[in-house]
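Chains as they are written, first to last, in the UniProt record's numbering: chain A, 1 to 363; chain B, 1 to 541; chain C, 1 to 80.
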Amino acid sequence: MIENGKISLLQFGIAVYMFALGSTALLAPSIIVSIAKQDGWISVIFCMLVIVAFVSLWSRLSKRYPGQSMIQYGERILGTWPGKLVGLIYIWYFLYLSSLVLRNLGDFITTSVLSQTPIQFVHIMFMIPVLYGAYLGLEVIARTGEVLFPWILVIFSVTILLLLKNIDPGQVLPILPDGLLMPLKGVYPLLGFPISELVVFLLVIPFVKGQNKIKKYFNLYFLLAAATGACIVFISISVLGVDVTARSTFSVFDMAKEINVGNFFERVEVLVGGIWMMTIFVKLSICFYAANLATAQLFNLRSYRVTLLPFGMFVLALSILGYKNTAESAWFITTAYPIYSLFHGLVIPALLLMIGKLRRLKG
Amino acid sequence: MFSTYLKGKIKKKKASRGESQEKQDLQPFKEKKLFEDLKRNIETVKTELGHSNDIVIREFRVGGNIQAAALFTDGLSDQVTLSDFVIKGLMHLQDEALSLEQNIGPEKIMQIVKEQLITFGDVQEVSDWEQLFKRMLSGSSILLFDGCDKAISAATKGGEQRGVTEPSTQTVIRGPREAFTESIRINTSLLRRIIKSPKLWLEERTIGEVTQTQVGIMYLKGIANEEIVQEVRDRLDRIQIDAILESGYIEELIQDEIWSPFPTVYNTERPDVTAGGLLEGRVAIIVDGTPFVLLVPVVLNSFLQSAEDYYQRFDLGSFLRLLRFASLFVALLFPSLYVAITTFHQEMLPTSLMLHLSAQREGVPFPPIIEALLMEIVFEVLREAGVRMPSAVGNTISIVGALVIGQAAVEAGIVAPAMVIVVSFTAIANFVIPAISLAIAVRLLRFGLLILSGTLGMFGVAVGLLVLVLHLASIRSFGIPYLSPFAPFMRNQQRDALFRFPQWAMDTRPPFISDDEDLVRQGNNQKPEKPQGDQSRHDGE
Amino acid sequence: MRAVVAIIVVGSAFFLWQGRMLIRQKRKKEWIVFTVSLLIAMALYISVGLHLSIPSPTEMIGNWLEPFIKPIVKWTEGGY
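Structure representation (C-alpha cells):
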C-alpha cells in the first residue's frame, strides 16, 4: 500500500466541505453576481441539483471498484496505455488546479493583506505547510481539516451575526424578474469551479472507513457547502449591492470590511480572511496530495513522497505562469475553465463507468 | 563528568561482548557462583567493594560450631530489624534445634534458618554474586554460612527516606494533599491506598546497568488496553543505558515523537492524578528515585486538565478548562498578534487606540518585532533566574525585574508601555497551563510565531499555525492520536474534553485509551433526583 | 538572474539529498520518476524566472476551447 491511513466518514465529509468552499467562496460570488445579478444566490441553490447528479455518478463509479482509486481502475478499464494517458491527464489536472488555487491565495494576500510582499514569497511560504501536510499524509490532512472546521463555522457565523444590521433585503429584490433563465446562466461557471474539481475525491474514497455511507456523507457535506455558498452570495448582495459585489474581486472580504461594532470592533476582515486561508489550505493540500498519490499509483512507486519536492517546485512555477491578473482569471473561470474542468469531472468518469459496464468489469 | 566516564565503560563493554574476561568492568565479579568457604566469600565481598566503609560485616557463630556472617550496607538496611529478627534468632539457635541433632550440616542450618527462624516477609536464597551484590546494595541483609555455597537475603530495607509531603507542582485548592516521594515502594503504596482493587497490577524491572534503578509499570488489568501495556513493556525493555536518574530519562527514551516540542508522556507527582489516569486505562511508569511518575498514553487535552476540575463543581470545572484553552492561545499568540497588528494591520485597531499606541511608540528605537523579542528574552532570563535562585534572593530578582523592565525600560524609551503589558500578560497566561511540559513547548513556539508575524504579519501567523496544527495532528502517543477526542472527533467523549460534564454524565471511559471491552464507569440513572413526595415537610408546620 | 541561481541551487540540493537517499535504498524506478519530474519543474521554473515567452496553460486552454466558448459566452452574457 502506498498510503496506509484511513479516514473517518466525518473527516471525509469535512474535507469535502472545505474543498468545495476552498477558493471558490472567495472568488465566485462576484463572478456569479455579474452574470445572474441579484439572483446569484438562486444559482447556487440550482447547483445543488447538479451536485446530487455528480455525486451519484462518482459514488457509482467508486462503488463498482471498491478499494481502488480512479487511477488504478482507469488502467484496468481502458487498458494499460490509454489508462496511463488518462492518469497523466489527471496528474496534470491536479497540479494545474493546485497552481491555480495557490495563485488565488497569492492574489488575495498580495492585494488585500500584504500589498508590498512579492507574490512569489507568499506562494513559497504557503507551500511549506502544504508540502508538510502532503508529506504527513491523508490521515493528517483530514484530521487538520477536522480541527479547522469548527473555527470556520464560528468565524463564519459571527461574521454573519455582526453583518445583520448591514443587511438590506431590498438589494435582493426583485426576485426572479425574468424567470429562471438568469440564475441558470449563473450555474455555468460553478460547474467547473468547484463542482467538477471534486473529482479528486475519487482518489480519496478508497481510504474512507465505512464505504457504504460515502454517498450520503458526500452529498450531505457537499450540499452544506453549497448552502453556505448561497448564504455568502445572498449576504454579499444584500450588504454590498449587486454592482459592488460584481466589481470587487474578493467580495466576501469587502463584505467583512463593513463590520463595525460600536466603533471598536471594526476592520476585522483579516480574521475573516483566516477562513479562506484554512479552506484554501485544505483544498490545496488534498489536490497536491492527490497529484503525488496519482503519480505513485500510476508508476507503481513504493511511496507517494518521492515526487513531493519536484511537484512543489512545479506548482510554484506554474502558479506564477498561470495567468497575468485577476481579471484574466475571472475571464477564464467564466469561459473556458468550466468546459476544461467538466472534461475531467464528468466526461472521463462517465466514460469509465460506461466502458466498464460494457466490458462487464467489476472490482 | 562521571556519566561520560561510565558511558565510555559501557561502550567498551559492548565492543567486547562475548569475551567474558573483560566483562568484569560492570558485572560484579568474574566468578558467577558463591564459594563454599566463608572466609573466601567475605574476602571477595571486601575486595569487590573496595573495602568500602559502609559495608558492615558481622561475623558470628551458629549452632556452636558453624561460622556465619551477616552483611549489610549501613544506612540502607534497618539495623534494628536485622538484629531483632535475624541475628538474635540465629544466636539462640544453639539452644533449641541443635540440641536434637549432633552433627548438623550448614545446608541444613540454612534450611532451618530460612524456614523457621527469620520471622519476616521477603527472604530468598541467593547463589550467584550478581544477585548478592544487587540485593545487598539495595538494602537487603545477606547471611553467609561457612561450608555453604548459598546465601540468604533478607529484605531489611530501611534507612532514611523523605516522608510524604505536599506536592510542589500541580497544587490544588480542593483535593488530596499528598505527593509522591523518591521511594518507589512508598509511591506504589500511595496508589494501592487509593485503588484497592486486585486488578491493580505492578510489574517491576531494573533499568540502568550501573544505577540498577527499579522501574515499575502499574496498570489496571482489564481496563488498560493490553496492546498499550505490551508496547510499554517492549519500549522499556529496549532501554540500555548506564543510569536512570529521573523519570525524564525514561520519558526521552520511550516517547513517540522525537522532533517535537510537545510532550507525549505525562508526568505528575500527584497520586490522585495518577490513579485517575489508571482508572481511564492509562499505564503508570514509576521510577525509583524521583517523585515524578509517568503516565502514557496521553493526549494534548490531558495537559490542559487539572485534578481539581473533577473535585470542584462541574460548571466551575468547565469554566476553568475554557479559561485554560484561552490562556493557551494567549500564551502562544498574544505577542505575535500584537506585532502583526501594529506592524501590518494598524487598521484593525480603533483609531483612538492606534493613535495612543503610536504616541507611546514615539522615540522607541526598535521596530515592534525586535522590541517584542527583546522583552521576551529578558523575561525568560528573569524567570530562569527566579527558578534557580535561592529563595532568599528570589524576591530581589522579582523587584529588580519589575523595576528594570516595568519602569526603567519604559522611561528610558527603550520599550513602549504596551509591549510591557503584552509580555507580562503572556507570561501570566503561560502559568495558567497546568502541565509544565506543555508550558515549555508553548514558550518555545512563541518565538517562532513571533518571527513569522514580524516578517509576514497575520499571513505568517496563519502559516505558522497551519504547520503547528499539522504537526499536532500527526503526533501519536503510544498509538493514540494526540488531538483525540477532537480530531479524530468522538462525540460522546466531548463530555470530558473542552468541558467537564457532571459526574453522572461521564458514564464511559475513553474508548481510545481503555480496553474497549468494558467501558461502563457507573450504573444507570446516577443523576440525582429530588425526593418524591411531600416537599413541604420541613417548611414549618 | 538571482532567481535562476536560487532555483538551480535549491533544485540541485533536492537532487543531491533525495536522489542520494533513493539510490541508497536501491529504488531505481523512484529515482527516475523523481529526476524527470525535478528536471521538468526546474526547466519550467527557470523559464518563468527568465521571463521567457512560454504560453501559459490558461491561454492555451482558452485557445483550444475557443469554438466551444463563443456560444456559451454569448448565452451567459446575453440579455434577458
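Every residue, glycine too, gets a C-beta built ideally from N, C-alpha and C.
Legend entry - B/Pro417 versus B/Val299, B/Ala372, B/Leu456, residue with shortest Cα-Cα distance: B/Ala372
Legend entry - Buried/exposed call for B/Asn301, threshold 16 Cβ in 10 Å: buried
Inset, instruction - Could you check what DSSP says for B/Ala70 in three-state terms: helix, strand or coil? - result: strand
Inset, instruction - Within 10 angstroms of the Cβ of B/Ile285, are there 16 or more other Cβ atoms? Answer buried if so, exposed if not. - result: buried
Inset, instruction - Would you mind sorting B/Glu107 into buried or exposed? The rule is 16 or more other CB atoms within 10 Å of its CB. - result: exposed
Legend entry - Cβ pair A/Ser59, A/Ile167 closer than 8 Å: no
Legend entry - Backbone CA spacing between B/Ser3 and A/Tyr96 [nearest angstrom]: Unreliable positioning characterises B/Ser3 in this predicted model, as indicated by a pLDDT of 44, which lies under 50. The coordinate reading is nonetheless provided below. Near 57 Å, if we compare the C-alpha coordinates of A/Tyr96 and B/Ser3.
Inset, instruction - Evaluate B/Ile184 with the Cβ neighbour count: other Cβ atoms within 10 Å of its Cβ, from every protein chain shown; 16 or more gives buried, anything less gives exposed. - result: buried
Legend entry - Interface residues of the segment 34-49 of chain C facing chain A [CB-CB below 7 Å]: Phe34, Ser37, Leu38, Ile40, Ala41, Met42, Leu44, Tyr45, Val48
Legend entry - Own chain partners of A/Val270 with C-beta closer than 8 Å, once the 5 adjacent residues on each side are dropped: Val113
Inset, instruction - Give me whichever residues DSSP pairs with B/Arg476 in a beta bridge. - result: B/Pro481
Inset, instruction - If I'm right that A/Ala225 touches A/Leu9 with Cβ under 8 Å, what's the distance once you round it to whole angstroms? - result: Actually they are not in contact, since the Cβ atoms of A/Ala225 and A/Leu9 sit about 16 Å apart, beyond 8 Å.
Inset, instruction - To the nearest angstrom, report how far apart B/Ala224 and B/Asp518 are at their CA atoms. - result: 10 Å
Legend entry - Residues that DSSP places opposite B/Trp201 in a beta bridge: B/Tyr219
Inset, instruction - Give a yes or no on whether 8 Å exceeds the smallest Cβ distance from C/Val9 to chain A. - result: no
Legend entry - N-terminal and C-terminal residue of the beta strand (DSSP E) that B/Val210 is part of: Unbroken run through B/Val210: none, as it is neither H nor E.
Legend entry - For B/Gly277 and B/Leu295, believed in contact at Cβ under 8 Å, the rounded distance: 4 Å
Legend entry - Contacts that A/Gln11 makes with chain B (C-beta to C-beta distance below 9 Å): Ala487, Pro488, Phe489
Legend entry - Every unbroken alpha helix (DSSP H) inside the segment 40-68 of chain C [4 residues or more]: 57-64
Inset, instruction - Tell me A/Phe299's beta-bridge partners as DSSP assigns them. - result: DSSP, once it has assigned bridges, lists no residue as partnering A/Phe299.
Legend entry - Proximity of A/Gln171 and A/Val242 at Cβ, strictly below 8 Å: yes
Legend entry - Cβ neighbour criterion (16 or more within 10 Å) applied to A/Gln68: buried
Inset, instruction - Just list the alpha helix (DSSP H) runs in the segment 333-358 of chain A, keeping only unbroken ones of 4 residues or longer that don't cross its boundaries, in chain order. - result: 336-342, 348-358
Legend entry - Whether A/Gly345 touches C/Thr58 by CB criterion (8 Å): no
Legend entry - For B/Thr81 and B/Gly175, believed in contact at Cβ under 8 Å, the rounded distance: B/Gly175 to B/Thr81, Cβ: 35 Å. No contact.
Legend entry - Closer than 8 Å at the beta carbon, the chain A residues around B/Phe344: Val113, Leu114
Inset, instruction - Select from B/Val123, B/Phe72, B/Ser474, B/Leu304 the residue whose C-alpha is nearest the C-alpha of B/Trp259. - result: B/Ser474
Inset, instruction - Determine, using beta carbons only, whether B/Ala462 comes closer than 8 Å to chain A. - result: yes
Legend entry - Start-to-end residues for the beta strand (DSSP E) that takes in B/Glu125: 123-126
Legend entry - Three-state secondary structure (DSSP) of B/Ala151: strand
Inset, instruction - Compare the Cα-Cα distances from residue 551 of chain B to each of A/Glu328, A/Leu316, A/Val208, A/Glu139 and report the closest residue. - result: Residue 551 of chain B cannot be examined here, being either before or after the span of chain B that is shown, 1 to 541.
Legend entry - C-beta neighbour in chain B for A/Pro118, strict 8 Å: no
Inset, instruction - Compare the C-alpha of B/Pro365 against each of B/Ile414, B/Val172, B/Ser318, B/Arg495 and name the closest. - result: B/Ile414
Inset, instruction - On a CA-only basis, which of A/Ala134, A/Ser248, A/Gly79, A/Lys6 is nearest A/Tyr304? Give me that one, please. - result: A/Ala134
Inset, instruction - Alpha carbon to alpha carbon, how far is B/Tyr219 from B/Phe35? Give it in angstroms, no decimals. - result: 41 Å
Inset, instruction - Have a look at A/Pro177 and A/Leu190 and give me their C-alpha separation to the nearest angstrom. - result: 22 Å
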